[in-house]
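Colleague: Take this structure first; my questions come after.
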Amino acid sequence: MQTGAAGVPDVPPTDLAAFSACQLLKAYRLGDASPVEAMRAVLDRAAAWEPALGALYLTDPEGALAAASVSEARWRRGETVGPLDGVPVTIKDLIATRGQPVPIGTAAADMTPAAADAPPAARVREAGGIIFAKTTMPDYGMLSSGLSSFHPLGRNPWDLARTPGGSSGGAGAAAAACIGPLHVGTDIGGSVRLPANWCGIFALKPSFGRIPIDPPYPGRVAGPMTRTVADAALLMEVLSHPDARDHMSLPPQEIAWSDLAFDPRGKRIGLMMEAGCGLSVDPEIASAVQAAAGKFAAAGAIVEPVPPFLTHDLLDRVDLFWRVRFCLQIALLPPERRARILPFIREWAEQSAGASGDAVYGGFDAMMQIRERGNRALQGYDFWLSPVAPVAAFAAELPCPTNDPRRPFEHIAFTVPFNMTEQPAASVPCGFTEAGLPISLQIIGHRFDDPGVLHASAWFERALGPLREWPVRG
């Protein structure tokens, strides 16, 4: 089999649905394919997978084909509007798109159509990307699974009995099923990296503020979910443009996002194989991550073990802070709407009722402690490596691996710290379990070094070579 981007199988020249965005743009430039042909292929692939996959919401075939026809005419005239012109894109449910409701994954939602595109959607449209669907998520984005009171149950294309993860689970599943090349998710505790890990794709959680979002919130970011690192870099070029609605965003910065050159020689890399709390790492996952770290070492990097900086006390205090915030939020809903929320999430939140002010402040303080500990721990290293999750994709019907609202975050101890520290972190495929489920490596960089994380990820993608062909709907 021929290979394209290293780490990912190449695709037959006629399989436009499985083309990367970079491949599509090259084909458009050469006249070997058109945006209309690509969009038809993607819509056909979506029809083959849905509704069994449960990845898509508000798919708009007519609107997408009309937009593709307009893009095709621009390409013929040589008058493209931006770097994504004619490329199919999905946007996560909770990222507002003009004229469409934003259910946030829950049957309790206010379904009033959004008045305007949120920043990520606006940037995609300005760049010529075609938003052909939204992607599904759990209620309020509060689960690492595809379980929702509003959307159909999300499933993993590698094994439909398994979860795609969450909360950007629909995006992860769509990417792995080759339903288009570019997908935009959000992440406040692992919500792009966990589904990327369990669906075997690439995702970047950028530095906090790098991609403007609305509404902003501490730790919450939007990020690209793609099948190749080069596609994620292309999407970062677009998504990182400024937007005044995000009062917590970083100043605009000129970054050569698509320059992915990297030399691991002499780089100091910490390998964190224990998270400090939560579930134990499965041996298959540990072996794959250690082998991935070995590739960096074999290429001249200095790789050494590092201890975790997260503790169960800190994770529990952040958990309480989130519970109280969400409990107060849903208390404002009329009783009939509140009753529609997924029972697991409602029980998780309502356990915080009666929490003292001291305890709530302690949760906020825990976020600050994690931030300080994490940034200090990375000093002296260029990057850290770790598992993304301690376990492989679990049963689709479960809200989380523990299925316990008292301990819902035992699987996010490798991901959530880097939302608190605001550091960039990527999920890069590195292997499969014996059961054929994906395993990924997490690459963490210094705050604001998003390009460095992409560079290291691209190098590893090349060094690993092709893994497996993408799953096909039989």
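For the sequence shown, position 257 (counting from the first letter as 1) is numbered 257 according to the numbering used here, and the numbering increases by one without interruption.
Don't be surprised by glycine CBs; every beta carbon is placed ideally from N, CA and C.
Note down, in chain order, each residue of its chain lying with its Cβ closer than 7 Å to the Cβ of H247, except the 5 sequence neighbours on either side.
Modeller: Contacts found: P216.
Colleague: When you compare each of P212, C199, V42 to G166 by their alpha carbons, which one comes out closest?
Modeller: Considering only alpha carbons, the answer is C199.
Colleague: DSSP three-state label for C277, please.
Modeller: Reduced to three states, the DSSP call for C277 is coil.
Colleague: For the candidate residues V289, M225, V360, A222, whose alpha-carbon lies nearest to that of V324?
Modeller: Ranking V289, M225, V360, A222 by Cα distance to V324 puts V360 first.
Colleague: Beta-carbon separation of S148 and D159 under 8 Å?
Modeller: It is not a contact, given that the beta carbons lie outside the stated cut-off.
Colleague: Would you list the one or two residues that DSSP bridges to E304?
Modeller: For E304, which the question treats as bridged, DSSP gives the partners G270.
Colleague: For T136 and A174, I'd like the C-alpha separation in whole angstroms.
Modeller: For T136 and A174, the distance between alpha carbons rounds to 10 Å.
Colleague: Considering just the uninterrupted stretch of the beta strand (DSSP E) at P429, what are its terminal residues?
Modeller: Note, P429: beta strand (DSSP E), 425 to 432.
Colleague: If you follow the alpha helix (DSSP H) that F364 is part of, which residue opens it and which one closes it?
Modeller: 357 to 377 is the extent of the alpha helix (DSSP H) around F364.
Colleague: Where does E422 land, buried or exposed, given buried means 16+ other C-beta within 10 angstroms?
Modeller: Under this definition E422 is a buried residue.
Colleague: Within the continuous alpha helix (DSSP H) that includes A203, where are the two ends?
Modeller: From DSSP, A203 is part of no alpha helix (DSSP H) but of the beta strand (DSSP E) over 202 to 205.
Colleague: What does the alpha-carbon distance come out to for the pair G141 and G78?
Modeller: Computed Cα separation, rounded: 41 Å.
Colleague: Among the candidates R317, S168, P283, whose CA atom is the shortest distance from the CA of D358?
Modeller: The option with the nearest alpha carbon to D358 is R317.
Colleague: What is the rounded straight-line gap between the Cα of R29 and the Cα of A393?
Modeller: Approximately 39 Å, taken between the alpha carbons.
Colleague: Hey, how far is the Cα of G82 from the Cα of V70?
Modeller: Looking at the two C-alpha atoms, the distance is approximately 13 Å.
Colleague: Once DSSP output is grouped into helix, strand and coil, what is the label at R162?
Modeller: Residue state, collapsed to three classes: strand.
Colleague: Quick check on Q253: does DSSP put it in helix, strand or coil?
Modeller: Looking at Q253 - three-state DSSP - the assignment turns out to be coil, as it is neither helix nor strand.
Colleague: Does the Cβ of Q253 have 16 or more other Cβ atoms within 10 Å, making it buried, or fewer, making it exposed?
Modeller: Burial call: exposed.
Colleague: According to DSSP, is V289 part of a helix, a strand, or is it coil?
Modeller: In this structure, V289 counts as helix in the three-state DSSP scheme.
Colleague: Taking three-plus beta-carbon pairs below 8 Å as touching, is the stretch 326 to 333 in contact with the stretch 288 to 299?
Modeller: The stretch 326 to 333, when compared against the stretch 288 to 299, does not touch it at the 8 Å Cβ threshold.
Colleague: Quick one: using the 10 Å Cβ neighbour count with 16 as the cut-off for buried, is N419 buried or exposed?
Modeller: It is buried - the Cβ of N419 has at least 16 other Cβ atoms within 10 Å.
Colleague: Who are the Cβ neighbours of V303 in its own chain at under 7 Å, not counting the five residues just before and after it?
Modeller: I269, L271, A293, F296, A297.
Colleague: Assuming Q442 is part of the beta strand (DSSP E), what are its boundary residues?
Modeller: Segment 438 to 445, the beta strand (DSSP E) holding Q442.
Colleague: Which same chain residues, not among the five before or five after W49, have their C-beta less than 6 Å away from its C-beta?
Modeller: Same-chain partners within the cutoff: A177, R473.
Colleague: Looking only at its own chain, which residues have a Cβ that is under 7 Å from the Cβ of P51, when we skip the five neighbours before and after it?
Modeller: Same-chain partners within the cutoff: P152.
Colleague: Taking CB distances under 8 Å as the criterion, tell me whether R76 reaches chain D.
Modeller: Structure shown: chain D not included; a single protein chain is present.
Colleague: Leaving aside the five residues before and after R340 along the sequence, list all residues of the same chain whose C-beta is less than 8 Å from its C-beta, in chain order.
Modeller: Here the set comprises T106, A107, A108, S149.
Colleague: Starting from W75, trace the alpha helix (DSSP H) both ways and give me its first and last residue.
Modeller: Counting along the chain, the alpha helix (DSSP H) containing W75 begins and ends at 61 to 77.
Colleague: In the DSSP assignment, find the alpha helix (DSSP H) that holds D187 and state where it starts and stops.
Modeller: Unbroken run through D187 is the beta strand (DSSP E), 182 to 187; no alpha helix (DSSP H).
Colleague: Can you tell me whether DSSP reads S457 as helix, strand or coil?
Modeller: It is helical.
Colleague: Alpha carbon to alpha carbon, how far is E347 from E274?
Modeller: Between E347 and E274, the C-alpha separation is close to 29 Å.
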